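J.:
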């Protein structure tokens with residue numbers, strides 16, 4: 001019994017990392033109607049930035065974390081300006097391929113700078129583990145869960161209560177109408193990319209603290225899984241991304257523990273295909289009626 | 001253009017036309033030329049070893065072009081179909097005790113058919129999904145295949161399947177490439193092919209004139225999967241060892257780059273791009289580290305140039321001569 005609960009908690013930990021990344025996917029999709037394939041690689045950039053900040057620039061941990069978040073946000077906005085903005089009127093396939101190209105670009109730049117050998121990285125989170133009734137929860141799990149919770153509450157508050165948040169909702173509903181109401185669409189899209197990338201940076205920090213190893217392809221698989229989480233929850237829906245992320249983490253952790261480590265990925269992706277078969281718009285997604 | 005319309009009006013007119021005779025002569029001439037170059041040792045060993053990979057990449061790119069260029073749906077699981085074909089074909093030739101040519105032909109058919117069956121399996125969810133969702137489902141599918149192959153014992157798991165007989169040679173590949181090109185180019189010029197392209201251009205309009213969108217989507221998928229499977233069999237019997245890691249997401253992207261660079265919806269473009277992109281990295285061995293970077297930059301630059309209006313602006317202002325319009329710009 002205790003081990004099942006421990007597996008569940010482990011699942012929630014990786015699930016909350018997926019959820020953080022999935023939020024970025026879902027926000028960008030909601031507002032720019034595109035899959036930002038490079039989003040997963042922002043995690044990798046975040047991991048390397050943290051490494052450089054701590055070992056190269058000798059920053060204290062808190063400052064390094066802020067530095068990482070800022071670098072990733074700026075990078076996210078920059079990518080949007082350079083690669084996606086000129087393609088706003090282009091067909092979806094062109095944008096998707098550009099995003100894949102951008103993901104490849106980030107990976108190969110990291111490969112050229114840091115080469116393919118993984119770098120070991122000592123976790124900057126040093127919170128002692130606690131145990132309740134025979135169940136041990138590691139410090140990193142506690143920090144990950146609480147940071148995710150804070151981020152999600154803050155984001156929900158931001159989207160629903162602030163002026164910038166309602167501008168974002170308006171743009172995702174109807175770009176042209178939002179513009180007529182005096183909303184600066186370009187600024188809103190940049191802001192979305194900045195927030196999404198900041199969340200990915202946080203996820204990246206949590207991720208390297210957990211696995212303590214950095215390599216150029218580190219972002220690819222969590223990125224894809226987070227995207228799966230976003231689709232699972234219904235892409236474009238913020239609560240959907242959170243739910244999808246958590247669900248995915250738990251499914252993965254349970255199948256790793258009780259079925260097979262190798263098949264865990266297959267099960268995760270299989271769940272996606274099944275959910276889409278039953279509900280093509282995802283668990284919490286809205287069905288959009290196609291207009292001619 | 002006039003000639004095109006005429007041939008469309010009478011598709012069954014006759015096969016023996018001047019154009020077709022020239023094509024057949026060219027096909028044989030190219031084959032003899034390369035055989036001559038190989039036999040006389042004019043090509044070095046490295047170039048010889050690249051003839052088979054070039055052919056395999058042509059088959060992969062042309063078949064992916066059917067889904068991405070002609071149907072207009074991005075498939076990121078092409079390497080998955082290739083893996084299915086490669087493994088099922090290789091397991092068949094390993095277990096069967098037939099003469100090599102028979103075993104190889106049957107192996108290729110089995111590889112293609114098994115991949116096509118999986119094409120149907122992925123085609124059914126495709127029915128309900130559009131655009132971006134489809135890309136992610138095909139990606140998920142490719143990853144599922146890879147992790148299943150990784151965990152089975154019959155495929156040798158992560159260690160790989162080894163001692164596959166080396167049946168693939170230049171002649172086989174050349175023949176299969178020609179067959180693929182004939183089938184796919186005839187398909188896209190046929191009634192079915194035009195139905196497929198009409199789905200790309202506007203599926204709502206296509207549906208309204210009675211084209212069964214889902215049927216044609218599945219058809220394009222299954223045919224593409226079949227040829228990817230055949231290419232996989234050729235690949236396995238060339239290397240004599242198969243590893244699940246050979247068929248990851250990056251392999252799918254590599255094929256996609258060929259299709260995009262050659263031009264979506266252009267079979268000739270796919271062939272040329274496959275040749276260039278297989279030769280170039282080998283010639284630039286020293287710059288191998290930069291290969292992926294180059295791929296990425298080419299993808300982004302091409303998309304920005306073609307789709308952002310930059311190209312049409314340059315052409316109109318006279319700074320750029322009017323480039324030939326590909327059969328289809330990226331839709």
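Residue numbers (the UniProt record's numbering), protein chains in the order written: chain A, 1 to 292; chain B, 1 to 331.
For glycine and all other residues, C-beta sits at the position ideal for the given N, C-alpha and C.
None of these values were measured; they are calculated from a predicted model.
Find out if the Cβ-Cβ distance for the pair residue 35 of chain A, residue 136 of chain B is shorter than 9 Å.
T.: yes
J.: Curious, which full-length alpha helix (DSSP H) runs of at least 4 residues does the segment 139-164 of chain A contain?
T.: Within the segment 139-164 of chain A, the runs of alpha helix (DSSP H) that reach at least 4 residues and sit entirely inside it are, in chain order, 139-161.
J.: Pick helix, strand or coil for residue 213 of chain A, following the three-state DSSP scheme.
T.: strand
J.: Below 7 Å CB to CB, which residues in the same chain sit around residue 151 of chain A once its five sequence neighbours on both sides are set aside?
T.: 20, 199, 202
J.: Of all Cβ atoms in chain A, is any one closer than 9 Å to the Cβ of residue 330 of chain B?
T.: Note that residue 330 of chain B scores 45 on pLDDT, short of 50, meaning its location in the model is unreliable; the coordinates nonetheless yield the value given after this. Against chain A, the CB of residue 330 of chain B has a partner CB under 9 Å away; the residue lies at that interface.
J.: Select from the segment 72-106 of chain A all residues with a C-beta closer than 7 Å to any C-beta belonging to chain B, and list them in chain order.
T.: Here the close residues are 83, 86, 87, 90, 91, 92, 93, 94, 96, 97, 98, 100, 101, 102, 104, 105.
J.: With a 10 Å radius around its C-beta and 16 neighbouring C-beta atoms as the bar for buried, classify residue 258 of chain A as buried or exposed.
T.: exposed
J.: Do the CB positions of residue 151 of chain B and residue 266 of chain A come within less than 9 Å of each other?
T.: yes
J.: Report all residues from its chain with a CB closer than 8 Å to the CB of residue 27 of chain B; omit the five preceding and five following residues, and keep chain order.
T.: 178
J.: Under a three-way DSSP split, which group does residue 126 of chain A fall into?
T.: Reduced to three states, the DSSP call for residue 126 of chain A is coil.
J.: On the three-state DSSP scale, how would you describe residue 161 of chain B?
T.: strand
J.: Contact between the segment 27-44 of chain B and the segment 275-282 of chain A is defined here as three or more beta-carbon pairs at a separation below 8 Å; is this criterion met?
T.: No, they do not touch.
J.: Using a C-beta cutoff of 9 Å, does residue 68 of chain B count as contacting chain A?
T.: yes
J.: Nearest-angstrom Cα distance between residue 255 of chain B and residue 59 of chain B?
T.: Distance between the alpha carbons of residue 255 of chain B and residue 59 of chain B: 10 Å.
J.: Residues in the same chain with beta-carbon distance under 6 Å from residue 269 of chain B, minus the five sequence neighbours each way, listed in chain order, please.
T.: 262, 263
J.: Determine the extent of the beta strand (DSSP E) in which residue 136 of chain A is found, giving its start and end residues.
T.: Secondary structure note for residue 136 of chain A: its beta strand (DSSP E) is the uninterrupted segment 135-137.
J.: CB residue 220 of chain A to CB residue 107 of chain A, shorter than 9 Å?
T.: yes
J.: Please tell me whether residue 150 of chain B has its Cβ less than 9 Å away from any Cβ of chain A.
T.: yes
J.: Residues of the segment 237-267 of chain A with a CB closer than 7 Å to any CB of chain B: list them in chain order, please.
T.: Taken in chain order, the members of the segment 237-267 of chain A whose beta-carbon sits within less than 7 Å of a beta-carbon on chain B are 260, 262, 263, 265, 266.
J.: Which value, in whole angstroms, describes the spacing of the CA atoms of residue 139 of chain A and residue 73 of chain A?
T.: Roughly 27 Å separates the two Cα atoms.
J.: Using the C-alpha atoms, what's the distance from residue 164 of chain A back to residue 157 of chain A?
T.: Distance between residue 157 of chain A and residue 164 of chain A, taken at the CA atoms: about 11 Å.
J.: Indicate the three-state DSSP secondary structure (helix, strand or coil) for residue 168 of chain B in the structure shown.
T.: coil
J.: Comparing the C-beta of residue 132 of chain A with each C-beta of chain B, is any distance below 9 Å?
T.: no
J.: Am I right that residue 56 of chain B and residue 277 of chain B are in contact with their C-beta atoms under 8 Å? What's the rounded C-beta distance?
T.: The Cβ separation is near 12 Å, so there is no contact.
J.: Roughly how many angstroms separate the alpha carbons of residue 230 of chain A and residue 266 of chain B, rounded to a whole number?
T.: 34 Å
J.: Look at residue 167 of chain A and residue 178 of chain A and say whether their C-beta atoms are less than 9 Å apart.
T.: Cβ distance < 9 Å, so residue 167 of chain A and residue 178 of chain A count as in contact.
J.: Can you tell me which of the three DSSP states residue 276 of chain A falls into?
T.: helix
J.: What three-state label does DSSP hand residue 261 of chain A in the structure shown?
T.: Residue 261 of chain A falls in the coil class under three-state DSSP.
J.: Taking Cβ-Cβ distances shorter than 9 Å, what residues in chain B pair up with residue 224 of chain A?
T.: 136, 139, 140, 143, 249
J.: Candidates A:213, A:45, A:71: which alpha carbon is nearest residue 110 of chain A's?
T.: Selected option, being the one with the closest Cα: A:45.
J.: Name the chain A residues whose beta carbon is nearer than 8 Å to that of residue 304 of chain B?
T.: In chain order: 83, 86, 87, 98.
J.: Report the partner residues of residue 242 of chain B according to the DSSP bridge assignment.
T.: In the DSSP output, where bridge partners are listed per residue, residue 242 of chain B has B:161.
J.: What in chain A is Cβ-close to residue 295 of chain B, meaning under 7 Å?
T.: Against chain A, a Cβ distance below 7 Å from residue 295 of chain B picks out 104.
J.: Among A:99, A:170, A:147, which has the Cα closest to the Cα of residue 38 of chain A?
T.: A:99
J.: Quick one: grab the DSSP three-state call for residue 121 of chain B.
T.: helix
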